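Undergrad: Can you read through this structure? Questions will come right after.
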Amino acid sequence: MRSSNPVFSRRGFSRDTGYAGFNAPPQAGGAANPYAGTNPYAQGGNPYAQDPQQATQAPPQYAPQTRPMTMDDVVARTGMTLGTVIAGATVGWLFLTQSLGFAVGAALVAMVLALVQSFKRKPSPVLILAYAALEGVFLGALSGYINMLPNMHGAPMQAVLGTMAVFVAMLVAYKTRIVRVTARFTRFVMIAAMGFVLLSLVNVLFMAFGGGEGLGFRSGGLGIVFGIVGVVLGALFLALDFKQVEDGIAYGAPREESWLAAFGLTLTLVWIYMEMLRLISILRGD
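Using the UniProt record's numbering, read the sequence shown as starting at 1 and increasing by one per residue.
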């Protein structure tokens, strides 16, 4: 089952088990480990386990398998992906602030790449890094353009700091179990995100065909409330991302799955940054 984040759908670590693409923690007598049949290193599939009565026999032979994913793998892949976003953003900031059309084109291509990755059975580092580079170009160009507007100097840096603060706060809340990811929590976040995206699309349509501010979700008091909701939703999806990583490690997911973790975290952080930048723009009156 695939899971979703606020921007694009993506495949979770589960294999037809769990809820909304996120597995329940391993429990005695609970759901079977989805990796037990595909990775001998996964929990419940120890390749070295033998019958004590056959201890004198040679160890069983197994086909070469990737080692299980670790937190170091997730951190390294996430660092690579976010580093690529930053590199692309630097290019966009320095060279494309006056060429937003090209930057929007980069964003559209990035969206296509993200959707392709979402429907692939296995993660593709090339697709993920290409998405990160193009998304970074768009974010850099847009941020540079906004930074040049009256009363907006420094807004992108504030959005970056705000995004970092949200990430740290949610990580602490998750690790201390202030926020607990359950099936009900996941359903609530998914439904809220779908409603948020739907309202955003309706607002865009009203703006495109009716002119003006559409439904008013991007300006004034209502825009501030809508922006706060967007940031909160992004924070809640971070909790789902953390849960996905935690369960993947606990179940012994293959090492390559760490690219999916990096992909999901990057999507969520981009979402939070965009909503934070929009909220700051409204608060500054632009």
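Beta carbons: idealized from backbone N, C-alpha and C, even for Gly.
Note that this is a predicted model, so its numbers are computed, not measured.
#1: Count Cβ pairs between the stretch 234-241 and the stretch 251-271 that sit closer than 8 Å; are there 3 or more?
#2: Count the other CB atoms, across all protein chains shown, that sit within 10 Å of the CB of G195; report buried if there are 16 or more and exposed otherwise.
#3: Drop a sphere of 10 angstroms on the beta-carbon of T163, count the other beta-carbons inside from all chains shown, and report buried for 16 or more, exposed for fewer.
#4: Quick check on Q117: buried or exposed, where buried means 16 or more other Cβ atoms within 10 Å of its Cβ?
#5: Assuming contact is defined by CB atoms lying nearer than 8 Å, are L134 and G79 in contact in what I supplied?
#6: Would M170 be called buried (16 or more neighbouring beta carbons within 10 Å of its own) or exposed?
#7: If you follow the alpha helix (DSSP H) that E256 is in, where does it begin and where does it stop?
#8: State whether the stretch 199-211 contacts the stretch 250-267, with contact taken as three or more CB pairs (one from each stretch) at a distance under 8 Å.
#9: Whole angstroms are fine: how far does the CA of F209 sit from the CA of P254?
#10: Residues in the same chain with beta-carbon distance under 6 Å from A130, minus the five sequence neighbours each way, listed in chain order, please.
#11: With 16 other CB atoms within 10 Å as the buried threshold, where does A63 fall?
#12: Which one or two residues does DSSP pair with P68 in a beta bridge?
#13: Rounded to whole angstroms, what's the CA-CA distance from E257 to K122? Just pull it up for me.
#14: Go ahead and pull the three-state DSSP assignment for T97.
#15: On a Cα-Cα basis, can you pick out the residue from Y273, M274, F242, H153 that is closest to V74?
#16: Please state whether the Cβ-Cβ distance between I128 and T81 is less than 8 Å.
#17: Would you give the residue range spanned by the alpha helix (DSSP H) that S124 belongs to?
#18: Determine whether the beta carbon atoms of G140 and W93 lie at a separation below 8 Å.
#19: Using the Cα positions of L115 and V126, report the straight-line distance between them to the nearest angstrom.
#20: DSSP three-state label for N203, please.
#21: Taking 6 Å as the limit between beta carbons, can you name the residues of its chain near V166, skipping five residues before and five after?
#22: Can you grab the Cα-Cα spacing for the pair G285 / L149, in whole Å?
#23: Determine the direct distance from the alpha carbon of A159 to that of A180, and round the result to whole angstroms.
TA: Answer, in terms of the structure:
#1: In short, these stretches touch, since the Cβ pair count reaches three.
#2: Position 195 of the sequence shown, counting from 1, holds the residue named residue 195. Exposed, because fewer than 16 other Cβ atoms sit within 10 Å of the Cβ of G195.
#3: Within the sequence shown, the letter at position 163 stands for residue 163. Flag for T163 reads buried.
#4: What you label residue 117 is simply residue 117 of the sequence shown in a count that begins at 1. Taking all protein chains in view, the Cβ of Q117 is crowded by 16 or more other Cβ atoms within 10 Å, so the residue is classified as buried.
#5: Numbered from 1 along the sequence shown, position 134 holds the residue referred to as residue 134. Numbered from 1 along the sequence shown, position 79 holds the residue referred to as residue 79. No.
#6: The residue given as residue 170 occupies position 170 in the sequence shown. Under this definition M170 is a buried residue.
#7: Locating residue 256 in the sequence shown gives position 256, where the first residue counts as 1. Careful: E256 lies outside any alpha helix (DSSP H) and carries neither H nor E.
#8: Between the stretch 199-211 and the stretch 250-267, the count of Cβ pairs shorter than 8 Å is below three; the stretches do not touch.
#9: As a working mapping, residue 254 is identified with position 254 in the sequence shown. As a working mapping, residue 209 is identified with position 209 in the sequence shown. Each residue's alpha carbon lies about 48 Å from the other.
#10: On the sequence shown, residue 130 is found 130 positions in, with the first residue counted as 1. Same-chain partners within the cutoff: L113.
#11: Working through the sequence shown from its first residue, we reach residue 63 at position 63. For A63, the pLDDT reaches just 40, beneath the cut-off of 50, and the residue's location in the model is therefore unreliable, although a value from the coordinates is still provided. By the 10 Å Cβ count, A63 comes out exposed.
#12: As a working note, residue 68 is residue 68 in the sequence shown. Partner(s): P254.
#13: For this step, residue 257 is matched to residue 257 along the sequence shown. For this step, residue 122 is matched to residue 122 along the sequence shown. Roughly 8 Å separates the two Cα atoms.
#14: Reading the sequence shown from its first residue, position 97 is the one you call residue 97. Three-state DSSP puts T97 in coil, outside helix and strand.
#15: Along the sequence shown, one-based indexing puts residue 74 at 74. Ranking the options by Cα distance to V74, first place goes to F242.
#16: One-based indexing of the sequence shown puts residue 128 at position 128. One-based indexing of the sequence shown puts residue 81 at position 81. Cβ atoms of I128 and T81: closer than 8 Å.
#17: Taking the first residue of the sequence shown as 1, we reach residue 124 at position 124. Where S124 is concerned, there is no enclosing alpha helix (DSSP H), given that its DSSP letter is neither H nor E.
#18: The count along the sequence shown starts at 1 and reaches residue 140 at position 140. The count along the sequence shown starts at 1 and reaches residue 93 at position 93. Contact: yes.
#19: Looking up residue 115 in the sequence shown gives position 115. Looking up residue 126 in the sequence shown gives position 126. Computed Cα separation, rounded: 14 Å.
#20: The residue given as residue 203 occupies position 203 in the sequence shown. Reduced to three states, the DSSP call for N203 is helix.
#21: Here the question's residue 166 lines up with position 166 in the sequence shown. Listed in chain order, the non-local C-beta contacts of V166 below 6 Å within the same chain comprise A235, I272, local neighbours out to five positions each way being set aside.
#22: Residue numbering aside, residue 285 sits at position 285 when the sequence shown is read from its first letter. Residue numbering aside, residue 149 sits at position 149 when the sequence shown is read from its first letter. Distance between the alpha carbons of G285 and L149: 11 Å.
#23: What you label residue 180 is simply residue 180 of the sequence shown in a count that begins at 1. What you label residue 159 is simply residue 159 of the sequence shown in a count that begins at 1. Ala is not the amino acid found at residue 180; the sequence shown has Arg there. The straight-line gap from Cα to Cα measures roughly 27 Å.
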